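In what follows, a structure is listed as structure tokens, so that the remarks can point back to it.
Protein chains: 6
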Amino acid sequence: LDTFDVVTFGESMIRLSTEAGERLETATRLDMRIGGTESNLAIALARLGRSASWASVLPRSPLGQRVARELRWHGVDISAVQWVDDARMGVYYLEPGATPRPTRVTYDRRDSAVSLVDPESIDPDIVTNARVLHLTGITPALSENCAAVVDTLIATALDHNVPISFDLNYRSLLWTPERASTRLALLCEQASVLFCGQDDAATVWSLTGASGDVARGLAERFDPEVTVVTLGEEGALARTRDGTVHRVSSIPVSIVDQVGAGDAFAAGFLDGYLDGDIERGLRQGVAVAALKMTMNGDLALISRAEVDALLTNRTRAIVR
Amino acid sequence: LDTFDVVTFGESMIRLSTEAGERLETATRLDMRIGGTESNLAIALARLGRSASWASVLPRSPLGQRVARELRWHGVDISAVQWVDDARMGVYYLEPGATPRPTRVTYDRRDSAVSLVDPESIDPDIVTNARVLHLTGITPALSENCAAVVDTLIATALDHNVPISFDLNYRSLLWTPERASTRLALLCEQASVLFCGQDDAATVWSLTGASGDVARGLAERFDPEVTVVTLGEEGALARTRDGTVHRVSSIPVSIVDQVGAGDAFAAGFLDGYLDGDIERGLRQGVAVAALKMTMNGDLALISRAEVDALLTNRTRAIVR
Amino acid sequence: LDTFDVVTFGESMIRLSTEAGERLETATRLDMRIGGTESNLAIALARLGRSASWASVLPRSPLGQRVARELRWHGVDISAVQWVDDARMGVYYLEPGATPRPTRVTYDRRDSAVSLVDPESIDPDIVTNARVLHLTGITPALSENCAAVVDTLIATALDHNVPISFDLNYRSLLWTPERASTRLALLCEQASVLFCGQDDAATVWSLTGASGDVARGLAERFDPEVTVVTLGEEGALARTRDGTVHRVSSIPVSIVDQVGAGDAFAAGFLDGYLDGDIERGLRQGVAVAALKMTMNGDLALISRAEVDALLTNRTRAIVR
Amino acid sequence: LDTFDVVTFGESMIRLSTEAGERLETATRLDMRIGGTESNLAIALARLGRSASWASVLPRSPLGQRVARELRWHGVDISAVQWVDDARMGVYYLEPGATPRPTRVTYDRRDSAVSLVDPESIDPDIVTNARVLHLTGITPALSENCAAVVDTLIATALDHNVPISFDLNYRSLLWTPERASTRLALLCEQASVLFCGQDDAATVWSLTGASGDVARGLAERFDPEVTVVTLGEEGALARTRDGTVHRVSSIPVSIVDQVGAGDAFAAGFLDGYLDGDIERGLRQGVAVAALKMTMNGDLALISRAEVDALLTNRTRAIVR
Amino acid sequence: LDTFDVVTFGESMIRLSTEAGERLETATRLDMRIGGTESNLAIALARLGRSASWASVLPRSPLGQRVARELRWHGVDISAVQWVDDARMGVYYLEPGATPRPTRVTYDRRDSAVSLVDPESIDPDIVTNARVLHLTGITPALSENCAAVVDTLIATALDHNVPISFDLNYRSLLWTPERASTRLALLCEQASVLFCGQDDAATVWSLTGASGDVARGLAERFDPEVTVVTLGEEGALARTRDGTVHRVSSIPVSIVDQVGAGDAFAAGFLDGYLDGDIERGLRQGVAVAALKMTMNGDLALISRAEVDALLTNRTRAIVR
Amino acid sequence: LDTFDVVTFGESMIRLSTEAGERLETATRLDMRIGGTESNLAIALARLGRSASWASVLPRSPLGQRVARELRWHGVDISAVQWVDDARMGVYYLEPGATPRPTRVTYDRRDSAVSLVDPESIDPDIVTNARVLHLTGITPALSENCAAVVDTLIATALDHNVPISFDLNYRSLLWTPERASTRLALLCEQASVLFCGQDDAATVWSLTGASGDVARGLAERFDPEVTVVTLGEEGALARTRDGTVHRVSSIPVSIVDQVGAGDAFAAGFLDGYLDGDIERGLRQGVAVAALKMTMNGDLALISRAEVDALLTNRTRAIVR
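Residue numbers (this note's numbering), protein chains in the order written: chain A, 22 to 341; chain B, 22 to 341; chain C, 22 to 341; chain D, 22 to 341; chain E, 22 to 341; chain F, 22 to 341.
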């Protein structure tokens, strides 16, 4: 088995979006891309030069091939993907918003190949040689089978001292806050790195107030090595177990597409975390997220050089 | 309740197709249209000036609205459509072929809103004032619930002396010939008008040989008022109960999109049948199908004037 | 005759627009949509669940069908449309602007089917069962024939105690302020609901100053039941006959396309007015206009649920 | 005044076409190009290296600029164009056909700038230094004013011994065969080069039968220096005054867009005629028309090198 | 030889850009336009009604024709262009940025036709009848041959008292500040009008500080008739030899595409300079640049009427 | 070092094509894909399940990444690719033809990264574990450096008994038949599998006559293990060293894009050859080429299942 900086498991979907200003009801053309929070993160890390492996279940169909091969394009290892016949791809429709009209996501992922995963089919050993196992709160919401895989992977990681990175990612279209909080608490307790958006902290954990208070609340409750709270347009904050707090402001962005920004942030952060540099991780997270928001699609199509240039202010409006 | 020339029940899907020469695996844009054999027929009939009502189940979502409203655009009555929450639209992906590569249809219609129809929710009285009830062999293949609705509608039609038009439309991706033949025989026996493609006659009923023999075989087995056999590029044939056979050659077509040609044919035929003119029905069927094949999408976006012009040879390469 | 919440009469055009950032002189592709102030309003009202009927004259041609059927898509009744042969559709070209370059509209509507309307052909009885007759200042500017129809409809409405809603909508490309003010004064005097943009009040009626003063000026001059003044980016104001003034601030918008915002506002307002709730009408007007501006095209492709969500602040940047 | 190989006068329109397989009723995008029989010919000749001047009337508007500048792109002189305010461009909509559905042209050219031409505004001296004056049967059908300009130009040409090339181009959407034949006979009698399609000869002059008979019939009736009959897919034929007949077969074409093929043929022919080589003219006409049909739009975007390569059979499926 | 208001020499390239939000690595479609600083300026001046001639070297190929003919579309004289066989067009790829991601230009112009120019092939007499010779700092960076042409043109201009307009336009992808400063100093010293961006003044001449100081620094060093400093979002400043300083604020712009704004500014300025009106030139420069930024592509597709409307504040959000 | 079924070396380019019916001179959009004869073959083989490695030189730029990653998408190993700074990608422009207008390829590949390859930088050991080394006649035409790499790879292959597959692929835009024949004879002599189109055999080797004679002529001159002659629309022929001749007819194709068909053929053939089955290789070659021609772009986006279905006649016009 190869060694990877990060191993992750989750669902990637076909993303079908209307053009800006167009509605799904009347659109005649859709852009087809791929998206899924764990694969988004794996792709961003691979583009930063990290080795990343994404495990999932895909149908043997053109759409299944599309997802796998697009991950491979960006350098993500897909050898742990299981292929099945007669299954469907999850799909999500996206109608890009514009203030005050929200971006609207319509999931069509029920009974997708990965949600029907045979928990035995995912070899838990894929995590044994990983430096980090990354999971999110979406996967256990997909199905009991998915939740079982998550449990197994976590158990294996703990057995092998592989730290777990966990991104809460509460999705209101998948489950209620009550169901989510019960299930996700068990996972948060195992996390070495815990990512949580300020909104989700309020919705799922009823943690409100200043961002520092939210971080402290999460830290007290779940005691991870690092608690990372993302604050939307106000940047992000990381609190280490010793109570040290790092803060980074967000970077002004002319937003093209917000979807995937959280995954981009987590990828940027983990890149620093893998080098033991929380501070750099935070700054990188904010930078990768900012760059992602300037691009169409879920993916942060960045290079390390671009991230470095942004962090060192070596950017001009036009490079020529 | 209004009176309609034709009432039908079935599934309409979102049709997502790549551009000509593009593959689903690598495509970045998809055309979004609607398609479904019964709605295709209802639309073609409405455009010919017939009153048509399409019953189905649709989700209260932008995609559900899309289907309903596009039917309304073309003049089809949608008052018998049931609206449900938390359901999904059936989708089908289409990769247009080019000789020798076949056009490839990938269904993603499992657990669609209509397949989960509550059989009680479809009011059978919608057929009582119809001049014809049109059904196809696709609907009973979708689910037991759909099959139950079909049975109820047929029973009601028979009770009220509403003739039944039935288009066999065998779909190999939905069921096997064995299952289909058992189920469809019961329906064919109730049909006043029975449409069957020559290929399907061979696959489902093992009726091979010359087209006249196929028609006779169907007639003998199911005894409909009219048996209509479509012969692909060789035209079509109608045999009435008294053994009279009408034949019409196909019209040379520069094919743009074949999907929906059979539905267009059936619509053209029924238009003649409604006037008691089998001969005209056949000729119209061939003409509407030919025009349909010159257009992208499932739908025959025709007017009666265009069909008449084609039938009377009043066409030139350019009208100006 | 059916009863409708709102009946209106006017012109809908084919709208041909370049893509953002492209000029008409050099463009190679145009988006084709439909637009017209009265049909825009009827569509928005129908989407809010109101019954609306749009009367007009259309050519029996693909472009005429396009307009009628697109209205039907959105649920507007088109049974009062007159169909004529050998007539042309009005067309308008639109070059979307960007600060400081204005959006440029080029009308090509002279001698359109509706401008040549035979005044006798529009049955005045269509207004007798309407709850509101809505007219705008564009229609009388199109031709003497159109002006005659407007006069007849108003007379009929007054005879049957149907309140008249009138939107001034001064168009400098159609006539001069002098001609407009003479003609439009007669109409304003009949209006129960009078809509007037602050700009137009200055141009046509020389009413300047604070918005409250403009409203009072209009109220004093024309004495409608409600005077509604739209203030561009500053929101809107309604003054009832008893001198009560309601004000609503505008909603910050990331503008995609401004055209049709006024019609969307009027539709939202009338929806409240029909329920006797001026306050809600104003708030809805501002909300529907804001949503409209986030979409390409003249039309407010909204649902009541979206409007309600915006009014109750239940919106997030991404709904998922 | 400059000298030109060919001077012509006529209307060029904005051409708005749907994509292949799409109908005008439902299309959401239109391609915008320019087209007009005389400007098509002038462009083809300019691309072959001939000096050509196109006279017309255009509105001072982006669409007027579009037409003039696109002609200039291809090297056509536009100094004789008159510019007027407050006028409209003629437009034509094109729905590309596919066998058996005809390509459908919908004119919207009534009251276009050129149809309202002040006959005095076109300086007849533009033809005095031309080697050929080219006119078509479309222009006199547009308006009495246009017909007057045509008469004046012809009179001036005859005064200065400038030979007249006349292309019959009967358009059934503009006038009846009866009106056309009366008017066009006067023009044909003045032509040195008379182009007539075999279809038009039958429709307008009731000349039917073999192509040689049609040519002889035209020659006997109008006595031009050269009579050129185009035979659709069978090629073309030229009969000189002395009774000599030249025939050229057509070149097999995979048709992309037929519109403008006749104009391309005439341009190719005139290029040979200008060198006194009828034989080469015929072959070139067929070649330029064949190349034109492989391109979208009215225009023959050819170079002399391409035409020569086709005539000398130096073509392969792929040049690389 | 004709007389021109402005004669210029330089490279125009094929510009291939991704759509907004798309990256070159993954894009499937590119927009093809033309761009080059001198041709951009010539086009803007021609559209303002000035006679302008652009000299360059182009390959006899479709892409070479594209560039020449697009210049002719806008009214630029191209008679001084040299045509060569077997040469390549320069190309530049453009990935539009969004804050904080910069717009990225990738040049592929090495060994382009103009960079291999035979210096003898450009007739220096083209400048003798020009009112202004315009050159930029890009051309001498392309090749020694190009630099030689620039030198010859300057010498000829000086001989004939034709004032030289010089736009520094430092391009970091073409050379280092050191090489640029040595070479460009010689050119700046010959300039009557010297344009320099504040950034470039810092990079190439180490002139920093307030804009007035930068202008004085340039004036002292090179002593042009007018020194024009552009300040990005803060507007522009012109200092005449007598020390008089004119300042103009920039106009707020909703930026669509920044590339070419500097060329648009210079064109607007020169238009005023040609009339001896520095003040108007500055204001026009800012206005043309603002309008250019609202359009896709390098070109300022403006008319004088639009510029005048902007300068006199006669603009509204929508003109209709 | 890994073992590969096939190792190849050559250039892959960015392919920029106009849409069907559009010309490069006037096009506004280009499709961007990748293409190169060796990478086309490697991709087709990888999609058939063979392990393939493609060696080349690419610039560290978005376009370089594009090529490498798109190969990785399809499963081709790119570990032998050399990455260099400050180099350019080769580009080719493609104007799709239509009978009788040829498809026109315009190369812009001079001084591309691979043409400037440092021959030392390509490790010859990449071929030592290959089962076949595949080369084409294009690479030695690119530059002396490329030719040197080819020589080294061949020498290494011969040293290690790795059979060489050589596809003549004469390109008239790169060199003359004289230069090509001298250079390519040396390579043909080393080939175990020699592919040659019938046209190229005539142009380069003056071998004309019946296809069997051409094959015999090649076999006699170069004595490869297998001589494969492709006959355009007439299929293909393979002659083994013992004089046995296998023939396969071509499959009727509705051509979408011919470019790359030869590479697809060679890939299909080599797949059979790797299993020692010349007969199957020939049939597969014809099938893969036929499928390729139904797709846009250079690449044969096929699966083994599709090829098998075509070879066993299990195809219908629509699969559903």
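Glycine residues also receive a C-beta, built at the ideal position from the N, C-alpha and C atoms. Computed from a predicted model, the values in this text were never measured in an experiment.
- Once you ignore the five residues that flank F/Gly302 on each side, which residues in its own chain have a CB closer than 6 Å to its CB? Cβ within range, chain order: Phe290, Gly293 and Tyr294.
- Query: Are the beta-carbon atoms belonging to A/Ala257 and A/Thr248 less than 8 Å from one another?
  - Reply: Not closer than 8 Å, so no.
- Query: Exposed or buried, what is D/Arg68 when buried is set at 16 or more other beta-carbons lying within 10 Å of its beta-carbon?
  - Reply: Burial check for D/Arg68: the Cβ neighbour count within 10 Å reaches 16 or more, so the residue is buried.
- Query: So, is the C-beta of F/Gln279 closer than 8 Å to a C-beta in chain D?
  - Reply: Interface with chain D (8 Å Cβ-Cβ cutoff): F/Gln279 is included.
- Query: With burial defined as no fewer than 16 other Cβ atoms inside 10 Å of the residue's Cβ, what is the status of D/Leu207: buried or exposed?
  - Reply: So D/Leu207 ends up on the exposed side.
- Message: I'd like the span of the beta strand (DSSP E) that includes A/Ala73, first residue to last.
- Response: Under the DSSP assignment, A/Ala73 falls in the beta strand (DSSP E) whose first and last residues are Ala73 to Ala76.
- Can you give me, in chain order, the residues of the segment 78–93 of chain D that have a beta carbon less than 8 Å from any beta carbon in chain C? Listed by position, the residues of the segment 78–93 of chain D near chain C (Cβ gap below 8 Å) are Ser82, Pro83, Leu84, Gln86, Arg87 and Arg90.
- Message: Within 8 Å of any Cβ in chain C, is that where the Cβ of D/Ala48 sits?
- Response: The C-beta of D/Ala48 comes closer than 8 Å to at least one C-beta of chain C.
- Message: Once the 5 residues before and after A/Val28 are set aside, which same chain residues still bring their CB inside 6 Å of it?
- Response: Closer than 6 Å at the Cβ level, and outside the excluded window around A/Val28, lie Ser74, Ile147, Val148, Ala151 and Leu154.
- Item | A/Met34 at chain B interface by Cβ criterion, 8 Å | So, not an interface residue.
- Task: Report the residue from A/Asn334, A/Gly281, A/Thr261 and A/Ala285 whose alpha carbon sits nearest the alpha carbon of A/Val214.
- Result: Looking at A/Asn334, A/Gly281, A/Thr261 and A/Ala285, the one whose alpha-carbon comes closest to that of A/Val214 is A/Thr261.
- Nearest-angstrom beta carbon gap, E/Gly118 and A/Thr333 [assumed within contact, 8 Å]: That pair is no contact at about 17 Å.
- Query: Can you pull the DSSP bridge partners for B/Tyr128?
  - Reply: For B/Tyr128, which the question treats as bridged, DSSP gives the partners B/Tyr113.
- Item | Backbone CA spacing between E/Arg268 and E/Gly306 [nearest angstrom] | E/Arg268 and E/Gly306: Cα-Cα distance of roughly 12 Å.
- Could one say the Cβ of D/Ser270 lies closer than 8 Å to chain F's Cβ atoms, at least one of them? Chain F has no Cβ within less than 8 Å of the Cβ of D/Ser270.
- Message: Using 8 Å as the cut-off, can you tell me whether the segment 96–107 of chain E makes contact with the segment 194–205 of chain E, which would need three or more C-beta pairs spanning the two stretches below that distance?
- Response: In short, these stretches do not touch, since the Cβ pair count stays below three.
- Task: Given a cut-off of 8 Å, decide if A/Ser133 and A/Asn166 are closer than it, judged by their beta-carbon atoms.
- Result: Taking 8 Å as the Cβ cut-off, A/Asn166 and A/Ser133 do not qualify as a contacting pair.
- Item | Residue burial classification, A/Pro273 (beta-carbon count within 10 angstroms, cutoff 16) | With fewer than 16 other Cβ atoms inside 10 Å of its own Cβ, A/Pro273 counts as exposed.
- Item | Contacting residues, own chain, Cβ-Cβ under 6 Å from C/Leu51 (five flanking each side not counted) | Correct list, in chain order: Leu37.
- Query: Quick one: what does DSSP say B/Arg122 is sitting in, helix, strand or coil?
  - Reply: Under the three-state reduction of DSSP output, B/Arg122 falls in the strand class.
- beta strand (DSSP E) runs wholly inside the segment 31–93 of chain A, at least 3 long, in chain order: As summarised for the segment 31–93 of chain A, the continuous beta strand (DSSP E) elements at least 3 residues long and confined to that stretch are 34–38, 50–56, 73–76 and 78–80, given in chain order.
- Task: For C/Trp226, name the three-state secondary structure that DSSP assigns.
- Result: In the three-state DSSP reduction, C/Trp226 falls in the helix class (H, G or I).
- Terminal residues of the alpha helix (DSSP H) in which D/Ser186 lies: DSSP places D/Ser186 in no alpha helix (DSSP H) but in the uninterrupted beta strand (DSSP E) bounded by Ile185 to Asp188.
- Task: Have a look at C/Phe254 and A/Tyr128 and give me their C-alpha separation to the nearest angstrom.
- Result: Per the sequence shown, the amino acid found at residue 254 of chain C is Glu instead of Phe. Going by the C-alpha atoms only, they are around 35 Å apart.
- Who pairs with F/Ile339 in a beta bridge, going by DSSP? Bridge partners of F/Ile339: B/Thr124.
- Task: In angstroms with no decimal places, state the Cα-to-Cα distance between C/Val88 and B/Ala101.
- Result: Looking at the two C-alpha atoms, the distance is approximately 25 Å.
- Item | Cβ pair A/Asp172, A/Thr58 closer than 8 Å | Annotated as distal: A/Asp172 and A/Thr58, with beta-carbon spacing of 8 Å or more.
- Item | the segment 179–197 of chain B contacting the segment 211–227 of chain B, beta-carbon criterion three pairs below 8 Å | Two segments are said to touch when three or more pairs of C-beta atoms, one from each, lie closer than 8 Å; by this definition the segment 179–197 of chain B touches the segment 211–227 of chain B.
- Roughly how far, in whole angstroms, is the beta-carbon of C/Val97 from the beta-carbon of C/Val138, given that I think they are within contact range, below 8 Å? The pair is not a contact, with the Cβ atoms about 19 Å apart (cut-off 8 Å).
- So which residues of chain F does B/Arg125 contact, with C-beta pairs closer than 7 Å? What B/Arg125 touches in chain F: Val340.
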